[in-house]
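Visitor:
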Amino acid sequence: MSKHEARQSKVTFEGKRLTHQAEQESQPGTPPDHPGGDEQHNIDLRELLVDVKASLKIIEAKLNILTTHLGKVKQRVGKHENRLDHLENHVSDADDAPADSKEHLL
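For what it's worth, my numbering labels the leading residue of the sequence shown as 1, then goes sequentially.
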């Protein structure tokens with residue numbers, strides 16, 4: 001999910017929440033926190049819950065992709081660290097060698 005899609009999802013979710021809140025406040029006979037509410041209120045909440053669950057599944061899938069990618073990056077970093085260690089050892093060996101044999105090591 002791109003940053004734009006994430007923002008859009010958040011805006012949509014927040015818009016639905018504010019719309020729901022405004023609808024509840026505009027209904028004179030039903031208190032906003034009344035658990036029984038009317039049927040449309042319950043349907044709206046179910047739809048919102050379905051949207052949230054779908055968004056969470058998308059986020060979970062993206063997180064799994066990022067976790068996999070991070071593991072691959074860590075492996076590549078480890079390989080590069082090993083190569084650097086090898087080169088440092090090679091340079092150290094060259095520094096310790098007698099002057100006449102340095103050309104052979106390089």
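Glycine included, C-beta positions come from ideal geometry on N, C-alpha and C.
Because the structure is a prediction, the values reported are computed rather than measured.
Just how far apart, CA to CA, sit HIS69 and ASP96?
Guide: 41 Å
Visitor: Quick one: what does DSSP say ASP38 is sitting in, helix, strand or coil?
Guide: coil
Visitor: Hey, how far is the Cα of LEU56 from the Cα of GLU81?
Guide: So the two alpha carbons sit approximately 37 Å from each other.
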